[in-house]
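Asker:
In this note's numbering, the protein residues as written are 126 to 575.
1. Between the region 408 to 422 and the region 326 to 340, are three or more C-beta pairs nearer than 8 Å?
2. Using 8 Å for Cβ pairs, my map puts residue 277 next to residue 305. What's the rounded Cβ distance?
3. Return helix, strand or coil for residue 295, following the three-state DSSP convention.
4. I need the DSSP call for residue 188, collapsed to helix, strand or coil.
5. Can you list, in chain order, the residues of its chain with a C-beta nearer than 6 Å to that of residue 394? Leave out the 5 residues immediately preceding and following it.
6. Over what stretch of residues does the beta strand (DSSP E) that includes residue 163 continue unbroken?
7. Residue range of the alpha helix (DSSP H) that residue 400 falls in?
8. My parser needs the beta strand (DSSP E) runs of 3 or more residues fully inside the region 284 to 352; what are they?
9. Just curious, the beta strand (DSSP E) that residue 437 is in, first and last residue?
10. Rounded to whole angstroms, what is the Cα-Cα separation between residue 331 and residue 247?
11. If you draw a straight line from the alpha carbon of residue 173 to that of residue 444, how long is it in whole angstroms?
12. Among residues of its own chain, excluding the 5 on either side of residue 238, which ones have a beta-carbon nearer than 6 Å to its beta-carbon?
13. Starting from residue 279, follow its DSSP beta bridges and name the residues at the other end.
14. Which two residues bound the contiguous beta strand (DSSP E) that contains residue 173?
15. Do you know offhand how far residue 345's Cα is from residue 272's?
16. If you drop the 5 nearest sequence neighbours on each side, which residues of the same chain put their C-beta closer than 6 Å to that of residue 422?
17. For residue 499, name the three-state secondary structure that DSSP assigns.
18. Got a sec, what are the start and stop residues for the beta strand (DSSP E) residue 182 sits in?
19. How many angstroms separate the CA atom of residue 342 from the CA atom of residue 196?
20. Around the C-beta of residue 340, are 16 or more other C-beta atoms found within 10 angstroms, so that it is buried, or is it exposed?
21. In whole angstroms, give me the CA-to-CA distance for residue 308 and residue 363.
22. Taking the alpha-carbon positions, what's the residue 209 to residue 314 distance?
23. Got a sec, what are the start and stop residues for the beta strand (DSSP E) residue 423 sits in?
24. Less than 8 Å between the beta carbons of residue 193 and residue 334, yes or no?
25. Tell me the residue span of the beta strand (DSSP E) that contains residue 256.
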């Protein structure tokens, strides 16, 4: 049996070879952009996002490598893809995919003297039959005890035809399963274009892919509610992300922070529309967060010389690299902790949270509306402002102290806001325990002897 193995050739910084094998840590989670789609011209293409379905190499039909390929059925749809213009125009047109190619880089290893050829095969849609696609790679693998790199260009039009995808525009979202294998030169006569091939014949000498094509665009958008000040950062509070379509658990990928160069509120812009404006940049991207809050870091604090205001919007991106409409933009600037402490006038809590926060706002209102309305409260506030400023900076610089302050602050907040509910729950628990004890005593007292 031949010991040839086909393996993936990923980006060099993830490369770890052992007899041609590429080891991807945390295989179920790792996402590596390794496959290009575009024209046959070198560099006239875009990187696709791929991911392993197993920690093992994808040399079985049960653990194929996933590849997410953005496509379109109309010109306007290319405005939603992340690829920089004009390369966004290179995503496959499902109505006319003849000039588009999926370029798969593979690395093969062999340890015997047999000469091999690299083939591609595709599974027929709604069938279990695999058929050869086109001709083998032009380069024959002849060197013994060595590895060789190949780039196999699959014409999308021909690929869909062999896969029996007859109405790609109507379907707009579908999967094409492909596997690549090494075949000995004496087998060439049995492997013509369209001939049935059995994956079991080549065992682990194959590399399996699922090409996920999609021309479905995300609809709806995030609503950016507020930007809270922090030291060198802003906290974005937002909602509505769960209503954005094409962002299911298997597809959602990144949350993007877009920085506008002006102070306008912008909303419902497409990604390409925004990127076409001078000085618009992607300020930050993080693993998907659909709702709640997001810390936007690496920002410059406001100073007297330069305000350093940021006009920011959010958007969601899926693994096809389609981006939802941008949210409305909010305008704010981060500030040094000393400035925040002075403005918030609630030193200890502000040092603990390191930003504007609803708990701090609550106790500041409590101070104004209750403590400052009576003599005792005014004395308490006076003592607080006498001693707290000098400790606030120390607390901010000690993460453990900040954690303790946040814990106490949250506890006090929920106790003061939900004391009635907590008291009711505690009362019900006590009643339930008493009832249980009474029933248990009754049963024990009147249980007949056996």
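Glycine included, C-beta positions come from ideal geometry on N, C-alpha and C.
Note that the structure is a prediction, hence the values are computed from the model and not measured.
Answerer: With the given structure in hand:
1. no
2. Sure, about 7 Å apart at Cβ, within 8 Å.
3. Per DSSP, reduced to three states, the secondary structure at residue 295 is helical.
4. coil
5. 451
6. Looking at the DSSP string, the run of the beta strand (DSSP E) that includes residue 163 is 156 to 163.
7. 396 to 400
8. 298 to 309, 331 to 339
9. 435 to 443
10. 13 Å
11. 8 Å
12. 269
13. 227
14. 170 to 176
15. 48 Å
16. 358
17. Residue 499 falls in the coil class under three-state DSSP.
18. It is not in any beta strand (DSSP E) - residue 182 carries neither H nor E in the DSSP assignment.
19. 10 Å
20. buried
21. 54 Å
22. 44 Å
23. Neither: residue 423 is in no beta strand (DSSP E) and is coded neither H nor E.
24. no
25. 255 to 257
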